[in-house]
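Working notes for the structure below.
There are 2 protein chains.
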Amino acid sequence: MAKVITPRSEDYSKWYVDVVKHGSMAEHSSVRGCMVIKPHGFAIWEKMKGQLDKMFKDTGHVNAYFPLFIPKSFLSREAEHVEGFAKECAVVTHHRLMSDPNGKGLIVDPNAKLEEELVVRPTSETIIWDTYKTWINSYRDLPLLINQWANVVRWEMRTRLFLRTTEFLWQEGHTAHASREEAVEEAKLMQKIYAQFAEEWMAMPVIQGVKTANERFAGAEDTYTIEALMQDGKALQAGTSHFLGQNFAKAFDVKYLNQNNKEEYVWATSWGVSTRLVGGLIMSHSDDDGLVLPPKLAPTQVVIVPIPKPSPEIGEVAELIMRELKAKGVSVKYDTDPKKRPGFKFAEHELHGVPVRLGIGKRDLEKGQVEVARRDTKEKTSQPLKGIVCYVTDLLDEIQKNLFDRAVRFREERTTSVDNFDDFKAVLNEKGGFVSAHWDGTTETELKIKELTKATARCIPNDAVEEEGKCVLTGKPSKGRILFAKAY
Amino acid sequence: MAKVITPRSEDYSKWYVDVVKHGSMAEHSSVRGCMVIKPHGFAIWEKMKGQLDKMFKDTGHVNAYFPLFIPKSFLSREAEHVEGFAKECAVVTHHRLMSDPNGKGLIVDPNAKLEEELVVRPTSETIIWDTYKTWINSYRDLPLLINQWANVVRWEMRTRLFLRTTEFLWQEGHTAHASREEAVEEAKLMQKIYAQFAEEWMAMPVIQGVKTANERFAGAEDTYTIEALMQDGKALQAGTSHFLGQNFAKAFDVKYLNQNNKEEYVWATSWGVSTRLVGGLIMSHSDDDGLVLPPKLAPTQVVIVPIPKPSPEIGEVAELIMRELKAKGVSVKYDTDPKKRPGFKFAEHELHGVPVRLGIGKRDLEKGQVEVARRDTKEKTSQPLKGIVCYVTDLLDEIQKNLFDRAVRFREERTTSVDNFDDFKAVLNEKGGFVSAHWDGTTETELKIKELTKATARCIPNDAVEEEGKCVLTGKPSKGRILFAKAY
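For the record, the sequence lines run as chains D and S. So in my numbering, spot 27 of the first sequence is number 27, and the numbers just go up one at a time. So in my numbering, spot 403 of the second sequence is number 1403, and the numbers just go up one at a time.
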């Protein structure tokens, strides 16, 4: 099999497209900006979804489902929200098509115009808070901890598979609380859960922090974020959790009777991660031979390839290994396709990111061994058949850990503290990554930095230390460093 | 707690609305025809989804995701399909809103008109077959066995929660095959899987049959259906599986090279069930005290109520029972709410359809027993504490079986063979249910019967026997009986 992946060093964007394509992850559809998520890509999303759903439920959340459509007027209820979300969206204006009286095909029936246009949800705060109004009456109804798995649409001009598409899949949590403190706590808890998921399952290290005012979600008082670093030195906002204050409660008039029988507005949070995570997963670990998947999210964790082709002896050993691996919860496939040669299969499983490959040939069996290839380092070793199952399960853990450690090292190498603007620009241009710098705290300066360097304020890290300093751009006093980076 | 459910005998439609409402299943949203599925209703749908997904995967299917939007022109590609689906649908014509220059609020930006309108998918055959064109080249690519879990929109004039809503959730399988025989076999297999799910999990008996030409899916050569009977004597089409012939392959030009290197059109099936099943579940088993759920789909299978209120002694026993039940995979809750009295809790859990309720009071404990109430028969007995866990798990199985048997008996009582049109009408008016009658096989007669009686041809049952007879309406010769009923 010829090399099908453009090397990262040659063209990073093309590399990403190639990895997505040859990893059978997704492709563009006939509808502008909308993708088809292929079975392999979807199986990864299903694994992500399953684990996240479990983590949400373990922390007391329940799932529900709200309408796809939002009445146009709802969007303008919350003053800031409308600015952020009412711009580029899919607008439903009619509810019927009819045969074209002047020819073939269909036209929109002019008599089926909606009284009020509907917007395909770009996010569901408005329709959900409109519903919460009838669900919340007293402090006994709080907290309300609801999540929804859904598709959303934001009309994007420039799209990229998984990272930015017009339609994408996500989950959106929408919670209601009796106090500011409890809502803030919830927003922070979800940030922690996202970080834990990213690091333990995706093996993708993230910086937890809070967004600057300029980068906040439209309608939020605070946006907590997890930020990852991709291999091209650009940051990826991987998940956000918003403390919404009483903004939506006021916009939709959602009040509750507190324990003293006094009416108060409800406090809110919302939080979401999307299929964008799949893009982050791909860019965190993959290499010039294709996809590299952390074992915990790989649909197939181990593949067994008979060399050069299936035989009863090899089949017997393969079946035994499979049975034992499956009993340990490992997903394993035996690749018996008679039409493909081992070399072809090796390349194919590498492109699909299968973490561990076992090669079994006649000679191996005579020596009582199998060939073990790990996808992350591409190392190959011969291992005794005896104890192979324990070896493989340990190896899966090791690969999971190695991918995470490797990504942490990469991020550390590409996180640089700078103290003047020349260094700021030089670091961004030469090695990229996160730049830790003092900033005077104004949106004006933040926007000026963006204009001059294309870098945006990613976050004020949760673990930032107080440190007197001077803004890299204006020289005005600053109380601590924040992270800047070019970002997706 | 006062009676909140309108009795079936008084007003069946209102009864259904009350059961849905007080069972916390769903409610209408601010968007016409779209429902909000509440956490309890959604938990049931999640259980259904989980089991169906497993059954699909066990039979070799994989999940993927295709776009929400369909270009308008795609709908007219398949001649019959367009008739069935291009009528009432949500049409996206613009991709931007803007502030109203003449006042507050938002208007559709006239400069953001789409070149080609997009339709929110009413079903996805067209967009999926447009994609399959690039996925299928040779017989090696077949069969392609793909399923998608998605939301779809059909602009309905009259809606009813779960049974008919503008937006609903469903799964749609779309498979591609190398031969007619294999595709027909697939369509029949999925009908069987739907029937098995309905009967074993929902405890809802179904008739498996094939639709008449007039009732077929738009674009299908044959539609296999499962038909259930609701308590008001009306039939519910609960799931359909379509053999699509080569209609979509021809419309989207999807060919493959067969083993003899000759190009042929691909054969197709599609099949789906939706949140409508939740409506069927509710109407199959519920009674005048609210929801009745089969244990296999109940989010909470057992609830323990302390009488009259929680105490350390009761808590200790409850914890022990819960631990043992959970170890057996039973979902159980201990209702410790101090603000509600036992009678109120009993009514509430009845409204929510919890299959088994255990009441534990001080006196029960002294006698070494607990009170067991089953939701299906409302029977209450005292059972020894010793062995209670086995008793409860057996009882759950018994309830599952009883609900099914009861529904089978109900259907048998309301399935009537008739041999003339007067009896046909009399049976429909007096007891409803399925009417088994001879029919001359023409759409004309079928439509005439519908016009005269409101009954539609539900299906030609798979197990129908050949039997010479005369059409109940026209007296023309018939080769066998088919089932008619009024239907949802």
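C-beta: ideal position from N, C-alpha, C; glycine also.
Query	Result
Along chain D, in chain order, which residues have C-beta atoms closer than 9 Å to that of S:Y1132?	Near S:Y1132 there are no residues of chain D at all, since even the closest Cβ is about 10 Å away, more than 9 Å.
Tell me, to the nearest whole angstrom, how far the beta carbon of D:R458 is from that of D:L428; I am working on the premise that it is less than 8 Å.	About 12 Å separates the two Cβ atoms, so there is no contact after all.
Counting only C-beta atoms, is S:I1449 closer than 7 Å to chain D at any point?	no
How is S:E1468 classed by DSSP in three states: helix, strand or coil?	coil
So, with DSSP's three-state summary, where would you put S:I1005?	coil
Could you please give the first and the last residue of the uninterrupted beta strand (DSSP E) stretch that includes D:V370?	Q369 to R374
Quick one: does the C-beta of D:D100 sit closer than 6 Å to a heavy atom of the ligand COA?	What this structure holds is no ligand at all, so the ligand COA is not there to describe.
Residues of chain D with CB closer than 7 Å to the CB of S:N1258, please, in chain order.	What S:N1258 touches in chain D: nothing, since even the nearest Cβ is about 16 Å away.
State the DSSP-derived secondary structure class of D:L491, mapped to helix, strand or coil.	Outside the shown range of chain D, which is 1 to 488, sits residue 491 of chain D, and nothing can be said about it.
What is the C-beta distance between D:H22 and D:I37, in whole angstroms, given that I count them as a contact (C-beta under 8 Å)?	With a Cβ gap of about 16 Å, D:H22 and D:I37 do not count as contacting.
Which parts of the stretch 1332 to 1416 of chain S are runs of the alpha helix (DSSP H), unbroken and 4 residues or longer, counting only runs that do not cross its ends?	1342 to 1351, 1362 to 1367 and 1388 to 1413
May I have the straight-line CA-CA distance separating S:G1343 from S:R1160, to the nearest angstrom?	31 Å
Runs of 3 residues minimum, wholly inside the stretch 184 to 254 of chain D: which ones carry the beta strand (DSSP E) assignment?	207 to 210, 222 to 229 and 235 to 245
Under the rule that 16 or more other beta-carbon atoms within 10 Å means buried, what is D:D18, buried or exposed?	buried
Within the same chain, show all residues whose beta-carbon is closer than 8 Å to that of D:Q369, passing over the 5 residues directly before and after it, in chain order.	S382, Q383, P384 and L385
Evaluate D:A407 with the Cβ neighbour count: other Cβ atoms within 10 Å of its Cβ, from every protein chain shown; 16 or more gives buried, anything less gives exposed.	buried
Would D:G103 be called buried (16 or more neighbouring beta carbons within 10 Å of its own) or exposed?	exposed
Establish whether the CB of S:P1101 and some CB of chain D are separated by less than 7 Å.	no
With distances taken from CA atoms, which of D:K87, D:T456 and D:L365 is nearest D:A437?	D:T456
For D:E446 and S:E1080, I'd like the C-alpha separation in whole angstroms.	58 Å
Can you pull the chain S residues whose beta carbon is under 7 Å from the beta carbon of D:R411, in chain order?	None at all; the shortest Cβ gap to chain S is about 31 Å.
Name the two residues that bound the continuous alpha helix (DSSP H) containing D:G84.	A79 to F85
Which residue's Cα is closest to the Cα of D:L281: D:E467, D:A198 and D:I128?	D:A198
Could you give the distance in angstroms between the alpha-carbon of D:T223 and the alpha-carbon of D:F252?	21 Å
If you draw a straight line from the C-alpha of D:H174 to the C-alpha of D:N261, how long is it?	25 Å
Distance cutoff 7 Å, beta carbons only. Does D:C390 sit that close to anything in chain S?	no
Runs of 4 residues minimum, wholly inside the stretch 1028 to 1062 of chain S: which ones carry the alpha helix (DSSP H) assignment?	1039 to 1058
Against D:I146, what residues of chain S qualify as contacts under a CB-to-CB distance less than 7 Å, listed in chain order?	P1039
Kindly indicate if chain S contains any beta-carbon less than 7 Å away from that of D:T165.	no
What's the call for S:K1448, buried or exposed, on a 16-neighbour Cβ count within 10 Å?	exposed
Note down, in chain order, every chain S residue with its Cβ under 8 Å from the Cβ of D:L106.	K1072, S1073, L1075, S1076, V1082 and A1086
Less than 7 Å separating the beta-carbons of D:K211 and D:T225?	yes
Would you mind telling me which residues of chain S sit closer than 8 Å to D:W155, beta carbon to beta carbon, in chain order?	H1095 and R1096
Using three-state DSSP, classify D:Y488 as helix, strand or coil.	coil
Would you kindly work out how many angstroms separate the C-alpha atoms of D:V354 and D:A64, rounded to a whole number?	34 Å
Quick check on the burial criterion: 16 or more other C-beta atoms within 10 angstroms. Buried or exposed for S:C1390?	exposed
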